[in-house]
Every structure is written in C-alpha cells, then in structure tokens.
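Read left to right, the sequence shown gives residues 1 to 275 (UniProt numbering). C-beta atoms are modelled at their ideal positions from N, C-alpha and C, and glycine is treated no differently.
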Amino acid sequence: VDKDNLSVVGQRPIPEPGPNVVKILKMHSVGICGSDVHMWQNGRIGDFVVKQPMVLGHEASGRVVKVGSAVTHLKADRVAVEPGVPQEIDEIFKSGHYNLSPSVFFSSCPPDDGTLCRYYKHNANFCYKLPDNLTCDEGGLIKPLSVGIHACRRAEVTLGSSAFVCGPISVMISDFMNLYSDRLAKAKEMGADFLLPVKKEDEPKEMAKKVEGMLGCMPQISIECTGVQSSIQTAIYVSLIMSGGAEFGGFGAEMTTIPLLNAALSAIKQMISHT
C-alpha cells in the first residue's frame with residue numbers, strides 16, 4: 001500500500017452467520033459518507049482512530065442469502081442495513097437511546113469493518129426488508145435520510161417552517177446548500193426556495209445578514225450538517241429570532257470556536273452529531 005494511497009482491494013473469508021445474524025450477498029449499494037472520507041484520508045475522525053486495516057461503508061443495502069437458526073422474518077429478501085447495533089442492555093439502552101450506548105457496534109467505526117464488500121454479516125433485527133417499490137440504491141439512502149428526518153423532528157420542523165440548512169446530508173430537507181454548484185442544483189431540484197452560494201472568505205455574520213435578506217426575516221430553525229466552523233457560526237448568528245431553533249448534526253473538528261453568548265441568547269436546544 002502506497003503511503004499516499006491507503007486504499008486496497010483484498011480477499012477476506014466469507015462470513016458465516018450466527019443464530020441471530022444474516023449474511024448478505026454482494027452488497028448492492030453502499031453510500032460514501034463524509035466520515036468514510038475522513039477515515040480514508042486522515043485515518044481518523046475525532047477520537048475514532050484507524051489502527052489496523054478496516055473496511056469502510058455504513059450506508060448500505062443488499063440481499064439476504066443465508067440466515068442464522070433463530071432468524072424467521074428474513075429469507076431471500078432485499079434489505080436496508082441499520083449500521084448501529086447495541087451490544088448490551090445497559091441504562092442507555094433502557095432509556096430508548098441504544099445508539100448512544102458506549103458499547104454499540106457501528107459498521108465502519110474502528111476497529112469494526114463496514115459494508116463496502118461483497119459479503120457482509122449483520123444482526124437480523126437491524127436489517128429492514130425493502131418494499132417492491134424501492135430500489136436497492138434507494139435502500140442504501142435510508143440511513144442518511146433517517147438522519148435528516150431525525151434532525152427535523154428534534155428541531156420541531158413543521159409545515160410552513162422557514163429553515164436555514166447547511167450541508168449535503170440535508171439535501172432531503174434543504175433551503176440552502178454550501179459552496180459546490182452541483183449540490184446547489186440538487187437542493188433546487190429537491191424544492192429549496194432559495195440558494196445561497198458560499199465562498200471560503202465569507203464572514204459568518206455577513207452570511208447571516210444575507211440569509212435574513214433573502215428570506216425577509218430570520219429563519220425559525222437552523223439545521224447545520226457540515227461540522228464546519230464558519231457554517232456553525234452562521235447557523236447560530238441567524239437563529240436569534242426563535243428560542244431553541246437550531247440543530248447541529250455535523251461531524252467536524254474536535255475543537256470548534258462558537259459564539260457562545262449568541263447561542264445562549266438563542267436558547268439552542270441541542271447540539272448533536274450524526275455519521
């Protein structure tokens with residue numbers, strides 16, 4: 001493996017399912033998440049450090065070809081894969097937030113392998129049968145779509161809400177996108193009312209004023225999905241009109257400078273990360 005290209009295609013044993021596990025043949029569709037890119041380019045994202053060869057990918061769909069002895073609800077079905085699987089029934093699991101358990105298994109989170117392979121085994125309870133009217137490509141997008149839906153629910157987005165949205169994962173829900181023209185075009189295609197091209201030199205306070213000018217008011221809700229410092233700052237500056245109207249889902253740098261006073265004045269409800 002070249003030091004400047006840490007990617008490699010290799011042969012691995014075909015996994016065999018345990019009692020509650022399914023084996024999926026030739027993963028049909030696997031999305032490339034921003035965290036995958038971080039792992040590939042930098043060997044880490046935050047405190048998650050790659051220390052040994054690892055398979056990437058956690059946005060996936062495929063077809064079941066073999067199941068464990070205790071699996072009765074799946075046979076030869078096409079399924080979408082939920083990448084996070086709780087490993088124990090701890091207090092966090094009991095509270096209904098199993099995804100936050102410290103021991104949770106997550107596909108392509110070091111040291112565990114992901115789904116960018118031909119054969120993959122996974123807990124059957126976290127494989128969801130796809131209906132006939134969904135393609136496998138669409139099935140592979142269910143995980144990132146669920147992130148957008150979760151963000152909207154937590155931010156209390158309702159019909160008629162005005163929202164300032166930053167980041168590619170929010171294309172499902174966007175009113176704005178960032179500095180790539182193809183993403184702006186996709187945002188427009190998905191129903192964005194306004195597009196705001198961003199330059200690297202743009203100041204967050206000035207961007208907030210532009211947002212207010214385009215909407216005619218400050219948005220009720222900000223959903224920030226990039227993790228980029230300037231984008232987070234803009235989302236906070238633009239959220240002053242409504243109490244608690246900001247949702248942060250980006251996975252960015254370990255340390256980020258934010259205007260804390262402005263955030264406090266906005267009474268921001270939550271800051272979370274998705275991957």
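- When the five nearest sequence neighbours on each side are left out, the beta carbons in the same chain lying within less than 6 Å of the beta carbon of aspartate 90 are those of Ser101, in order along the chain.
- Straight through space, the alpha carbons of histidine 38 and valine 65 are spaced by roughly 32 Å.
- The beta carbon of glutamine 52 sits closer than 7 Å to those of Pro111, all from its chain and outside the five residues before and after it, given in chain order.
- Relative to the Cα of leucine 159, the nearest Cα in the group Met255, Ile221, Ile232, Pro83 belongs to Ile221.
- Annotation for histidine 28: the continuous beta strand (DSSP E) segment containing it runs 21 to 31.
- Annotation: the UniProt domain "Alcohol dehydrogenase-like N-terminal" (24 to 132) contains the following complete segments of the beta strand (DSSP E) (minimum length 3 residues), in chain order: 59 to 67, 78 to 81, 119 to 123, 127 to 129.
- For the pair glycine 57 and proline 144, the Cα-to-Cα distance works out to about 12 Å.
- Taken through DSSP and simplified to helix, strand or coil, serine 7 comes out as coil.
- Per DSSP, the beta bridge partners of cysteine 166 are Glu224.
- Spanning the alpha carbons of valine 9 and tyrosine 120 requires a straight line of approximately 15 Å.
- Exposed is the label assigned to glutamine 41, since fewer than 16 other Cβ atoms lie within 10 Å of its Cβ.
- Rounded to whole angstroms, the Cβ separation of proline 86 and tyrosine 98 is 4 Å, and the two are in contact under 8 Å.
- Alanine 70 is a Cβ neighbour of proline 19, given a cutoff of 9 Å.
- Minimum Cα-Cα distance from alanine 124 among the listed residues Arg63, His150, Val147, Arg154 corresponds to Arg63.
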